[in-house]
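> For the sequence shown, counting from 1, position 16 maps to 15 in numbering that gives the first Met the number 0; every step adds exactly one.
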Amino acid sequence: MTTSDYSKSISNIELEGTVTVGIYPSFSCRNESEFDNYTFEQRIDLGFGPFMLSDTRNIFTATGCATSAQMTSYDESTYGAGRLSLCREYVEMTDENPCAGSSGCCQISIPKGLKSLSIEVKSADYASVYDFNPCGFGFLEDKRSLKISDWPLSIYGKDAYATDVVIEWVVENKTCEQAKANTSAYACGTNAYCTYPEIDQGYRCSCNEGFEGNPYLKDGCQAISTVKNNKKKSVFEA
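1) In the DSSP output, what is I9 paired with across the bridge?
2) Hey, L139 and N57: beta-carbon distance below 8 Å or not?
3) From what residue to what residue does the beta strand (DSSP E) around C193 run?
4) Based on Cα-Cα distance, which residue from C175, V164, G81, T194 lies nearest to K114?
5) Compute the Euclidean distance between the alpha carbons of T2 and V170, then round it to the nearest angstrom.
6) With 16 other CB atoms within 10 Å as the buried threshold, where does S8 fall?
7) Determine the DSSP secondary structure at K142, reduced to helix, strand or coil.
8) Might you give, ordered along the chain, the residues of its own chain that have their beta carbon closer than 6 Å to the beta carbon of R82, omitting 5 neighbours on each side?
9) Assign D130 to one of three DSSP states: helix, strand, or coil.
10) Rounded to whole angstroms, what's the CA-CA distance from N96 to L145? Just pull it up for me.
11) Please confirm whether G63 and N172 have their CB atoms less than 8 Å apart.
The structure is reproduced here in structure tokens:
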């Protein structure tokens, strides 16, 4: 995965098929004179491997007054969408904010299987809103961690935090039949089976019913009863 310099490290990897990465938002800021433009355009490129942006976990959000936020696939050929966020006076950004576009905030979902994204933000009419809204922002964030209250209209570009962006992963972009045909590369261990994710690409592994653990290790899936018995065993027992 590649992004601009405004990115952070991986914060969480889940066996269910996701990895969470901190990525800074795109923004457009101007000073009071409206002549000095301070902008940053975030670009995310997951390449041709088994990674894609999660359409079920992430949501695209734009905040600001007279803010136009546009997102396109990196090559601008497979996807494009834009949102407009408006307000003429200060709005208290709360977690109950409906993000309807006229309340300093707007949102839109992203399509399934998206592997690259370029986010561009433009702002206008700074003369009337600069005192309380110097910048406009556009960003992806996990719906589970997103708090609109973290994005007051007064926030400046350099003070913005990296958002949690969820990336889906699969073992390989192959069908289960194709994967099983190559026994040396097949990723599912003993007591595990091949399964298809909702993103309709590639395959993942899951423990069989009655087993739990890491399905990607040879003996990673153990009977649930065995796991529970091991947990109950006294620390003084061999």
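Glycine residues also receive a C-beta, built at the ideal position from the N, C-alpha and C atoms.
Walking through what the data contain:
1) V20
2) yes
3) 191 to 194
4) V164
5) Residue placement at T2 cannot be trusted, given a pLDDT of 49 that sits under 50; what the coordinates show is reported in the next sentence. Going from the Cα of T2 to the Cα of V170 covers about 22 Å.
6) The residue in question, S8, is exposed, as its Cβ has fewer than 16 Cβ neighbours within 10 Å.
7) coil
8) A61, A68, C105, I107.
9) coil
10) 12 Å
11) Contact flag unset, no.
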